[in-house]
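>
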Amino acid sequence: MHTTQIEQQLTILLRRVQRIHFSTASGEIEVDRSAYGIMCRLVDEGPQRLGAVAHAFGLDPSTITRQVQALEQAGWVHRESDPSDRRASLLDLTPDGRQVLLETRDRRRQWLHAALADWSAEDHEEFGRLLEKFNLSIDKIVQALADQPSPPPA
Numbered sequence: 001m002h003t004t005q006i007e008q009q010l011t012i013l014l015r016r017v018q019r020i021h022f023s024t025a026s027g028e029i030e031v032d033r034s035a036y037g038i039m040c041r042l043v044d045e046g047p048q049r050l051g052a053v054a055h056a057f058g059l060d061p062s063t064i065t066r067q068v069q070a071l072e073q074a075g076w077v078h079r080e081s082d083p084s085d086r087r088a089s090l091l092d093l094t095p096d097g098r099q100v101l102l103e104t105r106d107r108r109r110q111w112l113h114a115a116l117a118d119w120s121a122e123d124h125e126e127f128g129r130l131l132e133k134f135n136l137s138i139d140k141i142v143q144a145l146a147d148q149p150s151p152p153p154a
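Under UniProt numbering, residues 1 to 154 are what the sequence shown spells out, in order.
Dropping the structure here:
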């Protein structure tokens with residue numbers, strides 16, 4: 001498959017992922033896409049400072065601050081003192097936040113299981129391996145772009 005075909009398939013995938021999000025975000029509690037991403041990061045990577053979350057998503061800290069405040073208001077995220085620096089705080093999920101994430105992930109994984117039901121175990125392994133490789137390649141490019149000096153103001 002050439003780069004053009006891959007780009008076309010990625011575009012289709014992104015549109016379908018949007019549909020998947022909408023169809024799996026609703027349950028008893030609806031979780032928006034940004035909240036889901038932040039919650040997954042905190043569960044998968046552990047408690048983090050707000051700046052680390054912002055950096056991970058390539059977003060301005062003020063954007064993440066607004067998103068985290070909404071999660072705090074929902075009772076899904078709380079702040080705790082950072083043991084390495086008491087002046088800073090770490091974000092983590094509350095028990096309610098963990099339950100909401102567990103239920104949302106379960107709905108998404110059920111959908112994914114159905115979508116891949118007629119694939120062989122070998123196809124599952126290969127697809128997972130290639131997706132991981134692709135994501136690592138993207139991370140390298142994003143990091144290289146972040147490391148480039150900003151152009152001087154005009």
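We treat Cβ as the ideally placed atom computed from N, Cα and C, and that holds for glycine.
All values reported here derive from a predicted model rather than from experimental measurement.
Kindly indicate which three-state DSSP category glutamate 103 falls into: helix, strand or coil?
helix
> Going along the chain, which residues of its own chain have a beta-carbon closer than 7 Å to the beta-carbon of aspartate 96, five neighbours each way excluded?
Gly75, Trp76
> Under 7 Å Cβ to Cβ from leucine 116, same chain only, skipping five residues before and after it: list those, please.
His124
> From this set, Pro149, Ile38, Thr3, which residue's C-alpha is nearest leucine 91's C-alpha?
When only C-alpha atoms are compared, the closest one is Ile38.
> Going by DSSP, what residue range makes up the alpha helix (DSSP H) through histidine 55?
50-57
> So, using beta-carbon positions, are arginine 49 and serine 89 closer together than 9 Å?
Yes, the Cβ-Cβ distance between arginine 49 and serine 89 is below 9 Å.
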